[in-house]
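Asker: Sharing a structure, written as structure tokens. Questions coming.
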Amino acid sequence: MRRPAPLRPALGRTVPFLSALAATALLLTACGTEHDGAGRAGAGGSESPARTQVDDPGKDGVRVTSLTLPSPSPSPTRSYSVSADSLPKDSGIVAAYEVVNKGTETLTYTVIVTFTSADGGAMANQTVTVRDVGPGKTVRGTVRAGVLPLTTPRVTGAKVLEVTKVPSNEAPAAAGTCPASGIRVSADRGDAAMGLRVVGLHLDNCGTRDYSVDGYPVLELLDDDLQHVDGIKILDGGGGIAPGGVNDKPAGPVTLKPGESALATLVWRNTTQFGTAVNVPYVRVRAKAGAAPVIVTPNLDLGTTGKLGVTAWRAAED
1013 MRRPAPLRPA LGRTVPFLSA LAATALLLTA CGTEHDGAGR AGAGGSESPA
1063 RTQVDDPGKD GVRVTSLTLP SPSPSPTRSY SVSADSLPKD SGIVAAYEVV
1113 NKGTETLTYT VIVTFTSADG GAMANQTVTV RDVGPGKTVR GTVRAGVLPL
1163 TTPRVTGAKV LEVTKVPSNE APAAAGTCPA SGIRVSADRG DAAMGLRVVG
1213 LHLDNCGTRD YSVDGYPVLE LLDDDLQHVD GIKILDGGGG IAPGGVNDKP
1263 AGPVTLKPGE SALATLVWRN TTQFGTAVNV PYVRVRAKAG AAPVIVTPNL
1313 DLGTTGKLGV TAWRAAED
């Protein structure tokens, strides 16, 4: 922004002097300049973020303990103006949580925290992974609500929406890390349409040697307590679930060089007829027989179908 020319003494020419002042004021306003005044956010100690205790019963040993809320944003006034550049990029809302492992083995938790408005409506969901919580241990941390639309009602609360937990030695590797095996197994968020469910399994060679698979991943279905689920038939391919299959390729050898990936697909329907619907939150996956197991969380809502399809591994570029 160009600065106005320095004012010079001009006793006999007051009109240009006043015009210069007016132009300067307009330029400052257009640039979104903020002046000290009663409407300024953070002016004075009373504008600091407020931390309140939260009465969250929690789930599976995880609960929100407190919520930090920023002061309400000031409305533009004569002494305060806002430009697009000055708008905050983060809501400043932070929930503190604690995780208590009451079990007998080290666990890795995946927690969804919901930030709510005064009427209980969900304004934002955020997911946090808490790794390697030992038996009897308590781990504390924070999660931010992040950027919220300007039209979002004011957040007044937070609670734990969902908790999943797996033994840490079978948890999917953290992003950017590579297990000792050199192979990283994970599941994506999946897709659902007209009762047909599809979740992708990803096999990444993050090691330094070639890695080969041939055929189908080895699966074991697990319940909420990570116990084996009986009565579900695992089919080779998706043809028994959806006519023509889903992402089906002929089973065959696939060799992954370092940095390459393979994909397989879980396919099922959530049709419910007679009998008790079956939900399977966890699946233990081995890339092949004898490989190190990894537990993923696709939340299979199998209805009463009694079956799950899985395609063969295929190179990711296919």
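Residue numbering for the sequence shown follows the numbering used here, beginning at 1013 and increasing consecutively.
We treat Cβ as the ideally placed atom computed from N, Cα and C, and that holds for glycine.
Just so you know, these numbers come straight off a predicted model, no measurement behind them.
Taking the beta strand (DSSP E) that residue 1214 falls in, what are its first and last residues?
Answerer: Start and end: 1208-1217.
Asker: Confirm, please, whether the CB-CB distance from residue 1079 to residue 1170 is below 7 angstroms.
Answerer: Yes; because the gap between Cβ atoms is below 7 angstroms, this pair is in contact.
Asker: Quick one: grab the DSSP three-state call for residue 1177.
Answerer: Strand at residue 1177.
Asker: Which stretch, first to last residue, makes up the beta strand (DSSP E) that contains residue 1134?
Answerer: First-last of the beta strand (DSSP E) with residue 1134: 1134-1145.
Asker: Using C-beta distances below 6 angstroms, list every residue in its chain close to residue 1307, excluding the 5 sequence neighbours before and after it, in chain order.
Answerer: So the qualifying residues of the chain are 1178, 1182, 1294, 1296.
Asker: With DSSP as the reference, identify every bridge partner of residue 1307, one or two as the case may be.
Answerer: According to DSSP, which records beta bridges pairwise, residue 1307 is partnered with 1296.
Asker: Got a sec? Which residues, its chain only, sit under 7 angstroms from residue 1289 by beta carbon, not counting five neighbours each side?
Answerer: Closer than 7 angstroms at the Cβ level, and outside the excluded window around residue 1289, lie 1315, 1316.
Asker: Shortest alpha-carbon distance to residue 1323 belongs to which of 1261, 1245, 1309?
Answerer: When only C-alpha atoms are compared, the closest one is 1261.
Asker: Can you tell me whether DSSP reads residue 1182 as helix, strand or coil?
Answerer: Correct three-state label for residue 1182: helix.
Asker: So what's residue 1313 in DSSP terms, helix, strand or just coil?
Answerer: In this structure, residue 1313 counts as strand in the three-state DSSP scheme.
Asker: Beta strand (DSSP E) containing residue 1334: first to last residue?
Answerer: The shown model of the chain, from 1013 to 1330, leaves out residue 1334, and the question about it has no answer.
Asker: Is residue 1310 closer than 7 angstroms to residue 1211 when the C-beta atoms are compared?
Answerer: Yes, they are a contact pair.
Asker: Could I get the ranges of all uninterrupted beta strand (DSSP E) runs contained in the segment 1228-1268, with 3 residues as the minimum, in chain order?
Answerer: Correct list: 1230-1234, 1245-1248, 1265-1268.
Asker: By alpha-carbon positions, which one of 1267, 1291, 1284 ends up nearest to residue 1300?
Answerer: Residue 1267 is the option with its Cα nearest to residue 1300.
Asker: Under 8 angstroms, with one C-beta from each stretch per pair, do the segment 1269-1285 and the segment 1214-1229 reach the 3-pair mark?
Answerer: Yes: the two stretches touch, three or more of their Cβ pairs being nearer than 8 angstroms.
Asker: State the Cα-Cα distance for the pair residue 1066 and residue 1129, rounded to the nearest angstrom.
Answerer: Their backbone Cα atoms lie some 13 angstroms apart in a straight line.
Asker: What separation, rounded to the nearest whole angstrom, lies between the Cα atoms of residue 1119 and residue 1074?
Answerer: Between residue 1119 and residue 1074, the C-alpha separation is close to 12 angstroms.
Asker: How would you label residue 1199, buried or exposed, when you count the other beta carbons within 10 angstroms and need 16 or more for buried?
Answerer: Buried: at least 16 other Cβ atoms inside 10 Å.
Asker: Figure out for me which residue from 1103, 1224, 1292, 1111 has the closest Cα to the Cα of residue 1160.
Answerer: Considering only alpha carbons, the answer is 1103.
Asker: May I ask you to list the residues that DSSP assigns as paired with residue 1224?
Answerer: Answer by DSSP bridge pairing, in chain order: 1267.
Asker: By DSSP's criteria, residue 1291 is part of a beta bridge. Which residues make up the other side?
Answerer: Answer by DSSP bridge pairing, in chain order: 1313.
Asker: Based on DSSP bridge pairs, tell me the residues matched to residue 1188.
Answerer: BP columns for residue 1188 are empty, so no partner.
Asker: Please classify residue 1113 as buried or exposed, where buried requires at least 16 neighbouring CB atoms within 10 angstroms.
Answerer: Looking at its Cβ environment, which holds 16 or more other Cβ atoms inside 10 Å, residue 1113 is buried.
Asker: Nearest-angstrom Cα distance between residue 1302 and residue 1068?
Answerer: Each residue's Cα considered, the two are about 43 angstroms apart.
Asker: Let me confirm a value: residue 1134 is counted as buried when at least 16 other C-beta atoms fall within 10 Å, else exposed. Which label applies?
Answerer: Label assigned to residue 1134: exposed.
Asker: For a quick check, are the C-beta atoms of residue 1123 and residue 1156 less than 7 angstroms apart?
Answerer: Cβ atoms of residue 1123 and residue 1156: not closer than 7 angstroms.
Asker: For residue 1150, which beta-bridge partners are listed by DSSP?
Answerer: According to DSSP, which records beta bridges pairwise, residue 1150 is partnered with 1112.
Asker: Please list the terminal residues of the continuous beta strand (DSSP E) segment that includes residue 1083.
Answerer: Residue 1083 -> no beta strand (DSSP E), and no H or E assigned at all.
Asker: Looking only at its chain, what residues have a beta carbon closer than 8 angstroms to the beta carbon of residue 1234, apart from the 5 residues adjacent to it on each side?
Answerer: 1240, 1241, 1292, 1293, 1294, 1295, 1296, 1307.
Asker: Just to confirm before moving on: does the CB-CB distance between residue 1280 and residue 1238 stay below 7 angstroms?
Answerer: Going by C-beta atoms, residue 1280 is not nearer than 7 angstroms to residue 1238.
Asker: Going by alpha carbons, who is nearest to residue 1146 out of 1111, 1229, 1298, 1244?
Answerer: Taking only the C-alpha atoms, the option nearest residue 1146 is 1111.
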